[in-house]
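Numbering (UniProt numbering), first residue to last: 1 to 254. These notes are about the structure you will find just below.
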């Protein structure tokens, strides 16, 4: 892992593989990085990380994503070189969220289906034109390379790998232990439709949206919805969501 790693990108898959281990699956988790000590995007310092090791076929390398911000997405050159060598040694690789950029920089996405956080899809298509970047999916598998969308989808990706390696019974036990859905399909949308048109601060409109989401089978008349929150049907419906910003990459030797 590298500086500014997102904690859930790391912890989600680790929790899945650890829980699978408690169900008898043969996973041994090791934490390695470009340095022995890195600061996560959320401020927690991760220490006593192992050096980037020699790996071989049968190993799985999981790359958690670093934070995306206005400064761009910084990819450590040393990590890129190690990933190339690891792929040459025959390992499987799985990237969570913006971690796909590490695979892209190493050329591991060329000719493969992949995905990433929805904010990075277009930038990935521009920077890695030979990659087949998929929009609107939770995760992809293409040969030895797996990728997932935004942070929480790393859990779905890890569950799919457990299912592949150890079958439905172990995967179901892991999902029960973690209190998550058994497995969301990789073709599922990255963004829930219930999150659309929520970029406003009107509590009354939020209340109406919550009511509709909880009662999808019912018919909803505007007058009745307005009366529920004590507003006129001609009241404000909130503000439009802001446009998605552009993203960029940069390299760092730090």
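Ideal Cβ positions, reconstructed from N, Cα and C, are used throughout, including at glycine.
- Here DSSP, grouped into helix, strand and coil, assigns residue 131 to strand.
- In the DSSP assignment, residue 80 falls outside any beta strand (DSSP E) and lies within the alpha helix (DSSP H) extending over 77–88.
- Within the same chain, Cβ atoms closer than 7 Å to the Cβ of residue 79 are found at 2, 34 and 102, the five residues on either side in sequence being excluded.
- The three-state reading of DSSP puts residue 113 in strand, counting E and B together.
- The residue from 144, 112 and 226 with its alpha-carbon nearest to that of residue 129 is 112.
- Looking from the CA of residue 23, the closest CA among 228, 205 and 172 belongs to 172.
- For residue 148, the three-state secondary structure derived from DSSP is strand.
- Burial check for residue 105: the Cβ neighbour count within 10 Å reaches 16 or more, so the residue is buried.
- For residue 139, no alpha helix (DSSP H) encloses it; the enclosing beta strand (DSSP E) starts and ends at 139–142.
- Relative to residue 29, the option among 9, 60 and 54 whose CA is nearest is 60.
- Leaving aside the five residues that flank residue 154 on each side, the residues in its chain whose CB is nearer than 6 Å to its CB run, in chain order, 9, 12, 13, 96 and 148.
- Taking each of 174, 81, 232 and 115 in turn and checking the Cα distance to residue 94, the smallest one comes out for 115.
- Setting aside the 5 residues that flank it on each side, residue 82 is surrounded in the same chain by 52, each with a C-beta closer than 6 Å to its C-beta; the list follows chain order.
- Within a 10 Å sphere around the beta-carbon of residue 40 sit 16 or more other beta-carbons, which makes this residue buried.
- DSSP places residue 36 in the coil class of the three-state scheme, outside both helix and strand.
- Rounded to the nearest angstrom, the gap between the Cα atoms of residue 223 and residue 234 is 9 Å.
- C-alpha of residue 63 to C-alpha of residue 100: approximately 8 Å in a straight line.
- Residue 168 is not a Cβ neighbour of residue 19, given a cutoff of 8 Å.
- With 16 or more other CB atoms across the displayed protein chains lying within 10 angstroms of its CB, residue 86 is buried.
- Beta bridge pairing from DSSP links residue 61 with 93.
- The beta-bridge partner set that DSSP reports for residue 66 consists of 5.
- For the pair residue 220 and residue 212, the Cα-to-Cα distance works out to about 8 Å.
- Burial is judged here by how many other beta carbons sit within 10 angstroms of a residue's own beta carbon; residue 36 has fewer than 16 and is exposed.
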